[in-house]
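Shown next, in C-alpha cells, is the structure this report addresses.
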Amino acid sequence: MITAKPSLLARYEALRRREYERLTALLDTLGRIDGMPDEQMDQARDALFHADHPFLIVLVGAFNAGKSSIINALIGQPVLEVGATPTTTKIAILRHGPDVQRLQAGEVETVFDPSPLLERVSLVDTPGLESVFKQHDEVTQRFLHRADMVLLVMPATQAMSAKNVEYMQSLRTYGKRVIIVINQTDALDADEQKTLKDFVAEQSKLNLGFVPPIWMVSARLAIEAQQATPRNEELWQASDFKQIEQYINETLGDVTRIRQKLETPLQIVRNVTTVASARVREQQNALADFRRSSQNVRSQIEAATREQQATVRQIIEEVNSTFAEAITRGREAIADIFQFSKILSTAIGSLIELLGLARLIRRFGAGTPAQKAFETHKVNEPLDRLPGIIDRLGPRLEGRDVKDIDDLGAYTRREIAQLPGALQQKVVGKLEVPPTYDRSIVRGAREGLMQIVDRARTVEFKHIDQAVRNWLVFLGAYEVVIIIAAVIAAFALAGSQNGNWLLLLIVVIALWLAGLFLLPLRGTIMAQAYGRRMLGIEAELEKSIDRIAQEQIEAGGRLRSDAVAPFMRLVESQISQVDELKSELEGHELGLVALEKELGGLRE
Ligand SMILES: Nc1nc2c(ncn2[C@@H]2O[C@H](COP(=O)(O)OP(=O)(O)OP(=O)(O)O)[C@@H](O)[C@H]2O)c(=O)[nH]1
Ligand SMILES: [Mg+2]
Numbered sequence: 000m001i002t003a004k005p006s007l008l009a010r011y012e013a014l015r016r017r018e019y020e021r022l023t024a025l026l027d028t029l030g031r032i033d034g035m036p037d038e039q040m041d042q043a044r045d046a047l048f049h050a051d052h053p054f055l056i057v058l059v060g061a062f063n064a065g066k067s068s069i070i071n072a073l074i075g076q077p078v079l080e081v082g083a084t085p086t087t088t089k090i091a092i093l094r095h096g097p098d099v100q101r102l103q104a105g106e107v108e109t110v111f112d113p114s115p116l117l118e119r120v121s122l123v124d125t126p127g128l129e130s131v132f133k134q135h136d137e138v139t140q141r142f143l144h145r146a147d148m149v150l151l152v153m154p155a156t157q158a159m160s161a162k163n164v165e166y167m168q169s170l171r172t173y174g175k176r177v178i179i180v181i182n183q184t185d186a187l188d189a190d191e192q193k194t195l196k197d198f199v200a201e202q203s204k205l206n207l208g209f210v211p212p213i214w215m216v217s218a219r220l221a222i223e224a225q226q227a228t229p230r231n232e233e234l235w236q237a238s239d240f241k242q243i244e245q246y247i248n249e250t251l252g253d254v255t256r257i258r259q260k261l262e263t264p265l266q267i268v269r270n271v272t273t274v275a276s277a278r279v280r281e282q283q284n285a286l287a288d289f290r291r292s293s294q295n296v297r298s299q300i301e302a303a304t305r306e307q308q309a310t311v312r313q314i315i316e317e318v319n320s321t322f323a324e325a326i327t328r329g330r331e332a333i334a335d336i337f338q339f340s341k342i343l344s345t346a347i348g349s350l351i352e353l354l355g356l357a358r359l360i361r362r363f364g365a366g367t368p369a370q371k372a373f374e375t376h377k378v379n380e381p382l383d384r385l386p387g388i389i390d391r392l393g394p395r396l397e398g399r400d401v402k403d404i405d406d407l408g409a410y411t412r413r414e415i416a417q418l419p420g421a422l423q424q425k426v427v428g429k430l431e432v433p434p435t436y437d438r439s440i441v442r443g444a445r446e447g448l449m450q451i452v453d454r455a456r457t458v459e460f461k462h463i464d465q466a467v468r469n470w471l472v473f474l475g476a477y478e479v480v481i482i483i484a485a486v487i488a489a490f491a492l493a494g495s496q497n498g499n500w501l502l503l504l505i506v507v508i509a510l511w512l513a514g515l516f517l518l519p520l521r522g523t524i525m526a527q528a529y530g531r532r533m534l535g536i537e538a539e540l541e542k543s544i545d546r547i548a549q550e551q552i553e554a555g556g557r558l559r560s561d562a563v564a565p566f567m568r569l570v571e572s573q574i575s576q577v578d579e580l581k582s583e584l585e586g587h588e589l590g591l592v593a594l595e596k597e598l599g600g601l602r603e
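Numbering (numbering that gives the first Met the number 0), first residue to last: 0 to 603.
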C-alpha cells in the first residue's frame, strides 16, 4: 500500500492548493488584459492544469495492450470499458473525488473515483496509439506534454514490435520519463517472461541506446486479486502490480520530485507574467498619451473659463469708466448750478422759484435748472451707452462657448479615432455638440440690469432736480427775509438818523452776501452726495453683471464637460482598470515568488 510520509504529502497538498488558487487568480487577471497572446494564455491554463492535478501518469500503447485494464486493476473497480476490439476512443482522466462521477468536457472524459490511489496520482487512459499518432491527436499530445510519467503498455504477445520502437522514439522527443509495461504476462511462463524481458531490454539498447525500466505485469491477475475482499495478496504478487504501487510511493515520497512537480507550473507562468506585465506597461504607455490629451482638454476648458472671466472684467471695466464719466459730468452739472458766477441769476431764479413762477414757466417748455445743467453737460450720454455695453456680454460669452464646444467635440472625436479599436468600442455615450445653446441666463437678467441703469439715469436725476428746486425755494425765502429786513432798515435809517439802523443794514447786506457765497459750498456737498449714490448704483450693477456672467460661464463649462464626457470617462476608467491590472499582476508575481521560495525550502 501507499506509504509516503503523510506530513510531506500534506505539505505538498497544501502548497499545491495554494499554487492552484494563485494560478486561478492569475488566469482571471490575464483574461482581463486586452490583447494577451493566445500562447501565453494557453501556458497559463496549462500551468493551472498542472497545479490542479497530482502526478499525472499517462498510459499509451497499441490497441488491446490492456491500458484500460491496468487502470481498472489499479483502482480496483471496472471504471473503464475494456474489450477485445479497439475500445477506448476518447481520453479519460481518472481523478480523486468523493463519489464516482463522470464528466464529459469536449474530447476528454473526467472520471472521479474515491480510490485512495487517486489522491496521489491522476491516471490518463488514451485510445490505441495507432490512432493517436496517425491522426496527430492534439488532445492526447497535450496530455503527453503534461504527463509526469508515461507508461508505454505493450502486450506480451507483441512486445517491442517495430511499431513499439517507433512509439518509444516519438515519446522520447517529449522528454518524458517513460516506463515500458509489458502486460498479459499471464499468458507466458516464468522462462518465457524472462526471455521476453531480456529481448525488450536488448531491443531498447539497440534501437534507443538505453534501457528504460521494464515492468512485466498481468492486469488480468491484478483485477482478480482486487475482486477479492480483502485483496488477494497472492494474486496481487503474481500480477507484479506491486512494482507500479511501489513506484508511485517512491515518486511521491521523493521530495525532489514533489518540488519539481510544483515548480513546473511556476516556471511555465514566469514567462507568462513577464509578457502580461509588458502588455500592461504598453497599455499604460498608450494611455499616457490619452491621459495627456485628457489633461489637455481640461486645461482648454480652464483657459476658456479664464478668457471668459477676462471678458467679464473688461465689460465691468467699461461699465466702470462709463459710470465714472457720467458721475464727473453730473458733478460738473451740479457745480454749475451753484456756480459763484451765476449768483445773480441763481438769486433771481430762486426768487422765481419761490414765487412759483418757475413752475409756470416750465409749463411752457423751459427746463429746471438741473435739467438745463444736466443737458448742457450731457450727463445721460455715457449712461445711454450702458445698455449697449451690457448687451455685448451674452454674445461674447456665447461666441466663445459655442466655438469651444465645437472644437472640443472635434478634438475628442479625433482622439477617439486614434484609440485602439478595442477601446473605441468602449466609448460610452455619443459625442455630440449640444443642439441648442442656453441663452436664457443673460437674456433673463437683462431687464433687471436695465432697471439699475434706469435708476442711475432718471431716479438720481429726479433726486437732484428736486433737491436743487428745494434749495432754490429755501434760498428765495432767505432772500425775501433779508430784503424785507434791508428795506425796513433802510427806511428806518432814512427817518431816524440812528447809527444802529445803519449797522443793521450793513449786517443784513452781509448776511445776504454770505448766503450767496455759501451757494458753491452747497453745490459741492450736493455733488458729492450725488457721486456717492451713483457709485452705489454702479456697484450694484457690476455685482449683478458679475453674478449673471458667472452663471453663464458655469453653464458653458458644463456644456464643455458634457461634450468631452464620454472620452474623459473612457480614459479615466481605462487608466484605473490598467492600473488595477498592474497592481494585481504585481501581487501575483510576489505570490509566485513566495511559493517558489517555500518550495525551495521543502524538506522531508
Ligand atoms: N490475458 C490477459 N488479457 C488481458 C490482460 N489485460 C487486458 N486483457 C484483455 O485485452 C483486451 C484489451 O484490453 P483493454 O484494457 O481494453 O486494452 P486497451 O489497451 O485499453 O485497448 P484499446 O482501448 O482498444 O486501445 C481485453 O479483452 C482484456 O480483457 C491481461 O493481463 N491478460
Ligand atoms: Mg482502452
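Yeah, the Cβ is synthetic: ideal placement off N, Cα and C, and Gly gets one too. Fair warning: this is a prediction, and the values are worked out from it, not measured in the lab.
Note on geometry: alpha-carbon atoms of His462 and Phe339 lie some 22 angstroms from one another.
A Cβ-Cβ distance of about 5 angstroms is found for the pair Ile181 and Ala158, placing them in contact under the 8 angstroms criterion. The C-beta separation of Leu286 from Ile574 comes to about 5 angstroms, placing the pair in contact by the 8 angstroms criterion.
Phe337 and Gly555 have their alpha carbons spaced roughly 51 angstroms apart. Uninterrupted alpha helix (DSSP H) stretches at least 4 residues long and entirely within the stretch 37-75 occur at 37-51, 66-74, given in chain order. Exclusion of Val271 from the 7 angstroms shell around ligand 2 follows from its C-beta lying no nearer than that to any non-hydrogen atom of the ligand. As a beta-bridge residue in DSSP terms, Pro154 pairs with Asn182.
A Cβ-Cβ contact shorter than 8 angstroms links Glu352 with Leu471. According to the DSSP assignment, Arg94 belongs to the beta strand (DSSP E) that extends over 90-95. If you ignore the 5 residues before and after Ser114, its C-beta comes within less than 6 angstroms of the C-beta of Ile74, all in its own chain and listed in chain order.
Under the three-state reduction of DSSP, Ala104 is assigned to strand. Contact check between the stretch 251-271 and the stretch 593-602: three or more CB pairs, one atom from each, fall below 8 angstroms, which counts as touching.
Taking a cut-off of 6 angstroms from the heavy atoms of ligand 1, the residues with a C-beta inside it are Gly60, Phe62, Asn63, Ala64, Gly65, Lys66, Ser67, Ser68, Val81, Gly82, Ala83, Pro85, Thr86, Thr87, Pro126, Gly127, Asn182, Gln183, Asp185, Ala186, Ser217, Ala218, Arg219. DSSP assignment within the stretch 458-490 yields no whole beta strand (DSSP E) run of 3 residues or more.
Within the model, the alpha-carbon separation for Glu579 versus Leu143 is close to 37 angstroms.
Three or more Cβ pairs closer than 8 angstroms define a contact, and the stretch 87-105 falls short of that threshold against the stretch 286-297. Ala513 is classed as exposed because its beta carbon has fewer than 16 other beta carbons within 10 Å across all chains shown. Residue environment analysis places Lys260 among the buried positions, since at least 16 neighbouring C-beta atoms fall within 10 angstroms of its C-beta. Secondary-structure assignment with DSSP links Trp214 through a beta bridge to Val180. When the five nearest sequence neighbours on each side are left out, the beta carbons in the same chain lying within less than 7 angstroms of the beta carbon of Gly522 are those of Ile333, Ala334, Ile336, Phe337, in order along the chain. Following the DSSP letters along the chain, one finds Ser560 inside the alpha helix (DSSP H) bounded by residues 518-599. Here Leu418 is buried: its Cβ has 16 or more other Cβ atoms, across all protein chains shown, within 10 Å. Not one heavy atom of ligand 2 sits closer than 7 angstroms to the Cβ of Asp190. Distance check between Gly127 and each of Lys542, Leu116, Ala83 places Ala83 closest, using alpha-carbon atoms only. Taking the CA atoms as reference points, Ala221 sits about 9 angstroms from Ser68. At a threshold of 7 angstroms, Asp124 counts as near ligand 2, since its beta carbon sits closer than that to one of the ligand's heavy atoms.
The C-beta distance from Leu170 to Leu151 rounds to 6 angstroms, short enough to fall under 8 angstroms.
A distance below 8 angstroms separates the beta carbons of Thr109 and Arg94. Counting only residues of its own chain and dropping the five nearest sequence neighbours on each side, Tyr436 has a CB closer than 7 angstroms to the CB of Glu397, Asp400, Val401. Around the beta carbon of Lys542, a 10 Å sphere encloses fewer than 16 other beta carbons of the protein chains shown; the residue is thus reported as exposed. Going by DSSP, Asp406 is part of the alpha helix (DSSP H) stretching over 379-417. Remark: C-beta atoms of Leu510 and Ile481 approach each other more closely than 8 angstroms. Between Phe240 and Val216, the gap from beta carbon to beta carbon is short of 8 angstroms. For Asp453, the uninterrupted alpha helix (DSSP H) run begins and ends at 439-453, by DSSP.
Between Pro211 and Ile179, the CB-CB gap stays under 8 angstroms.
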